[in-house]
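Protein chains in written order, with my numbering: chain A, 401 to 1174; chain B, 18 to 170. Using N, Cα and C, we set each Cβ at its ideal position, and we do this for glycine too.
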Amino acid sequence: MTQSIGVSMKRKEDPRFIRGRGRYLDDIKLPGMLYLALVHSPYPHARIKSIDKSKAMAVPGVKAVITGEDLDAAKLEWLPTFHGYDKQMVLAFGKTLYQYQEVAGVIATSREVAHDAVELVEVEYEPLDPVVDPYQAKEDTIILRDDREPKTNHIYHWEVGDKTATATALDTSAVRIKERIISPRCHPAPLEPCGIVADMNKATGRLTLYMTSRAPHVHRTAFSLVTGIPEDKIHVISPDVGGGFGNKVPVYPGYVVATVASVIIGVPVKWVETRTENLTTTGFARDYHMDVEIGATKEGKVTALRVSTVADHGAFDAAADPRKYPAGMFGIVTGSYDFPAAFAEVDAYFTNKPPGGIAYRCSFRVTEASFAIERGMDLLARKLEMDPVELRRQNFIKKEQFPYSSPLGFTYDSGDYAATMRKALDIIGYEALRKEQAEKRKRGELMGIGISTFTETVGAGPGKQFDILGIKMFDSAEIRIHPTGSGIVRAGTRHQGQGHETTWAQIVGEELGLDPQELLVEEGDTDTAPYGLGTYASRSTPVAGGALALAARRIREKAKKIAAHLLEVAEDDVEWKDYKFGVKGIPDKSVTMKEVAFAAYTNPPPDTEPGLETSYYYDPPNLTFPYGTYIAVVDVDADTGAVKVRRFLAVDDCGTVINPMIVEGQIHGGLAEGFAIAFMQEIKYDEDGNNLNTNFTEYLIPTALETPAWETDRTVTPSPHHPIGAKGVGESPNVGSPQAFVNAVMDALAPLGVTHIDMPLTREKVWRAIRNAS
Amino acid sequence: MNLEWSGQERITASKEKVWSFINDPASIASCLPDVRQTNVLDAHTFDATVGVAVGPVRGSFKFKIALEPRPDGNHMDMKINGGGLGSVIDLLAAADLTAEGDAATILNWKGTASMRGPIATVGGRVLDTQALRVISTTFENVRNRLSGNPPSQ
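Right under this line is the structure:
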């Protein structure tokens, strides 16, 4: 047996995906199954005067039409939000609060009949003036939530850092920049939309929920709390999941209505979203409006950072943030830089838009924070007339400062930012690019180089700080080694493209000296998997990865006793070396884990429990802090505003790399999404609250045609507190890349005096900026 | 999403004849393009089911149309409310008549529409021209019917 960690092993899950043999939610068809389709409000803000079900009910095949009133009668109209500070409607009740809000559900014998009957549910609305802009919401002239006290659209104020010291430092700084930097509303838009098959078996009293869920245990607990059904009577199965990016963490009205229908009728009920439903009602991302101020000395040493944010949370405060972190991990906004003083505050408001807010590979608002600081540093470099690389180098947290206590309350685990940036600059040939740019500028050509030296924080998280629904954000692993040395590995996470079936086997294989190909990984079934908090926010490897390694080490401890028995030596004389148990000082005497596994069932030591299995619930001592240097090189066509991304280099440091090929794949995918956010994607609303991006002709997904060719490399700075030194990487490319693209375009437009354009940098926006500047 | 249009038709018929025509729900209903079904409710209101094909929004919309003539016999407001496929359209069309001698009438029309739902997504790309086509065709048809020409559509 040889090394497993660090090997580019092919993904064990791919054969079934490549051959079309995956089993996704919509592949599940149960006998007698009914279908749910939802009626949506065309108005963003309206009173519901009446709902007439009669015409829909008269359609052959329609079994039921459920409204908010029906749910209210059953005390199921309101759902608690994950952090517990708000509640959200299942179906619009009294008022609709955003366009496309779910108003009624039609249950029918086929999907087609259900959708046809939706057209016949007659809802009479009294339109009300909508609030589409969070700054308008702030005025409190129209109050959106009648159900809450006090009567205001303001949800919360959150702040961190030393307000007074930061204000003083800014006031006395020789150089200051201030810019409103918007991270616009976008949407994760996974290829597979959300769905559920709810199957209430009235004979057994058991409710089985097949869901596109990334947190099946949390969903089980949430369903139990809302419905009162004991948790042992609820079985959540998350089949293969076709992408999530944060979209499949919340509980959606369709899940609840399908479940209620199944519980009442006693047959399975399926609901699968349409693309428009996914884009218009489920968890969006961003909508942070950040006023960023940085102070510095004339020499370019930063003195203070202040960020004041207005957050548009939509109609309900349903962001799946941990309870004590209403603005997520926005405190990471000081990034890779050693700020003597910093202060961040967020004020969140209700608007007539759908709720959500923390989706799209962002690890609880880290994306917004990283975008703010990396754009801010570029604006400062411009003001100082300094190379943005030099400004960053001067202000990096130094290698010897780790563990580093940030002014906003984080303890960064490890990093060598200067070394990673140096490697990136060498690979891209930074000096030569600057020379080329100077030549081109003489000819009036617009070439830009953009850099992002981001630090993010992932792996929520330590139970003392992080919980969802009060449940600590630990994660778990269970390992059972069979007599012949193969085994089954289960975790509380749920992959949706991350490759856990391979990487979890690699972690366990490495720790136990077993072949990862013979370790079956299973997740997503609450009857068999240990309780876990799920897969999002780049937490699987930092948390469940730790649980897996420590569970494997527990197995190894027991195996050592059995090895001593087989080797006929004292346990203290046994050592784990070269992936097998040897005897200290006797090189040729050893037993493999396979031999030990067989003995565990056939010949255990007299005083030892037979078998070889264990579990581990891992509560990490700290978050992890992956980082990287990304560089974009762009050419901008001054006549059309078209941006050509000529090169893009990502040098990531995510600590120990389990499977380099999978990490590279994660980075490629995240960069494509970051590219889309920078140049193409926005969920826009007109002044009447109409969502203008309800399908893939209006909300763009980059294809191979638009996506640049990525160059990737890495440095490795292990996390000192993680059992295998891994930090997580799924979110880094999305967190780190948008600002590299934007900084590159702003660098290209620098000779024209253009300093900032809000994303997405569409051709039209870039062209207008060029035209207005010329 | 709010849209506005305006136009003019010269009709070779007396103002009285035009006024009488546009006061009759059945006559107006017959001038709407792509009409699948109409149902006159009373002297001033009717329902119409209209075929719609705007980008991805394809199907039939149901409208309630109310005629609101001014007593002076020169100005007609038409309130058109309805929708379908999850979209809502509120349209206000207004016609002003001016006699041009005894045998001709100038009909100036204005239309404003507010749209909600999937149809608003299609927005400026195609909606503006599609809606303009519907409204202008309606008034063209009024002209053609009264002038004795074949209808535009």
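For this session: Determine the burial state of alanine 474 (chain A): buried for a count of at least 16 other Cβ atoms within 10 Å of its Cβ, exposed for fewer.
Result: exposed
Exercise. Counting pairs of Cβ atoms below 8 Å between the stretch 522–540 of chain A and the stretch 692–709 of chain A, do you hit three or more?
Worked result: no
Exercise. Would you say the stretch 703–717 of chain A touches the stretch 752–767 of chain A, given that touching needs at least three Cβ pairs under 8 Å?
Worked result: yes
Exercise. DSSP three-state call for phenylalanine 874 (chain A): helix, strand or coil?
Worked result: coil
For this session: Inspect the beta-carbon positions of proline 1102 (chain A) and alanine 1144 (chain A) and report whether they are closer than 8 Å.
Result: no
Problem set entry | Per-residue burial, arginine 620 (chain A) [other beta carbons within 10 Å of its own, 16 or more giving buried] | buried
Problem set entry | Pairwise C-alpha distance: glycine 870 (chain A) and threonine 55 (chain B) | 59 Å
For this session: Buried or exposed for lysine 864 (chain A), please, with buried defined as at least 16 other CB atoms from any protein chain shown within 10 angstroms of its CB.
Result: exposed
For this session: Leaving out five residues on either side along the sequence, give the residues of the same chain with a beta carbon under 6 Å from the beta carbon of lysine 127 (chain B).
Result: Ser23 and Ala111
Problem set entry | Beta-carbon neighbours of tyrosine 443 (chain A), restricted to chain B and to distances below 8 Å | Val105 and Arg133
Problem set entry | Rounded distance between the beta-carbons of threonine 1014 (chain A) and aspartate 717 (chain A), thought under 8 Å | Actually they are not in contact, since the Cβ atoms of aspartate 717 (chain A) and threonine 1014 (chain A) sit about 40 Å apart, beyond 8 Å.
Exercise. For leucine 149 (chain B), which residues of its own chain have a beta-carbon under 7 Å away from its beta-carbon, when the five flanking residues on both sides are left out?
Worked result: Trp22
Exercise. Three or more C-beta pairs closer than 8 Å, one from the stretch 990–1001 of chain A and one from the stretch 845–856 of chain A: is that the case here?
Worked result: no
Exercise. At which residues does the alpha helix (DSSP H) containing valine 663 (chain A) begin and terminate?
Worked result: 653–665
Exercise. At what residues does the beta strand (DSSP E) containing leucine 919 (chain A) begin and finish?
Worked result: 919–922
Exercise. According to DSSP, is serine 1204 (chain A) helix, strand or coil?
Worked result: An answer regarding residue 1204 (chain A) cannot be provided, because it is not within the stretch 401 to 1174 covered by chain A.
Exercise. What first and last residue would you give for the alpha helix (DSSP H) that runs through valine 766 (chain A)?
Worked result: 766–784
For this session: With a floor of 3 residues, list each beta strand (DSSP E) that falls wholly inside the stretch 599–658 of chain A, ordered by position along the chain.
Result: 606–611 and 634–637
Exercise. Taking C-alpha atoms, which residue in A:Val523, A:Phe874 and A:Tyr725 lies nearest to histidine 617 (chain A)?
Worked result: A:Phe874
Problem set entry | Alpha-carbon to alpha-carbon, alanine 517 (chain A) and alanine 456 (chain A) | 5 Å
Exercise. So what's proline 527 (chain A) in DSSP terms, helix, strand or just coil?
Worked result: strand
Exercise. What's the C-alpha gap between proline 395 (chain A) and threonine 709 (chain A)?
Worked result: This structure leaves residue 395 (chain A) out entirely; chain A is present only between 401 and 1174.
Exercise. What is the DSSP secondary structure of isoleucine 758 (chain A), reduced to helix, strand or coil?
Worked result: strand
For this session: With 8 Å as the threshold, decide whether the Cβ of asparagine 752 (chain A) is near any Cβ in chain B.
Result: no
Problem set entry | As assigned by DSSP and simplified to three states, the class of glutamine 54 (chain B) | strand
For this session: Closer than 7 Å by beta-carbon distance: list the chain B residues that pair up with threonine 481 (chain A), in chain order.
Result: Ordered by position in chain B, no residue passes the 7 Å Cβ test against threonine 481 (chain A), which lies about 26 Å from the chain.
Problem set entry | 8 Å Cβ cutoff met for threonine 509 (chain A) and valine 503 (chain A) | no
Exercise. Alpha carbon to alpha carbon, how far is serine 805 (chain A) from phenylalanine 739 (chain A)?
Worked result: 11 Å
For this session: Could you please tell me which residues of the stretch 1071–1091 of chain A, in chain order, have their CB closer than 9 Å to any CB of chain B?
Result: Asp1086, Glu1087, Asp1088, Gly1089, Asn1090 and Asn1091
For this session: Would you mind working out which of A:Ser814, A:Ser573 and A:Ser662 sits nearest tyrosine 610 (chain A), comparing C-alpha positions?
Result: A:Ser662
Exercise. If you drop the 5 nearest sequence neighbours on each side, which residues of the same chain put their C-beta closer than 7 Å to that of leucine 791 (chain A)?
Worked result: Gly700, Met777, Leu780, Ala781 and Leu784
For this session: Could you tell me whether any Cβ in chain B is nearer than 8 Å to the Cβ of histidine 1175 (chain A)?
Result: With chain A covering 401 to 1174 only, the question about residue 1175 (chain A) has no answer from this structure.
For this session: Mind listing the chain B neighbours of threonine 676 (chain A)? Cutoff is C-beta to C-beta under 8 Å, in chain order.
Result: Pro135
Exercise. Smallest Cα separation from asparagine 161 (chain B): which of B:Thr29, B:Asn98 and B:Asn19?
Worked result: B:Thr29
Exercise. For the ligand ZN, is there a heavy atom less than 7 Å away from the beta-carbon of alanine 1173 (chain A)?
Worked result: What this structure holds is no ligand at all, so the ligand ZN is not there to describe.
Exercise. Taking 8 Å as the CB-CB cut-off, is leucine 58 (chain B) touching chain A?
Worked result: no
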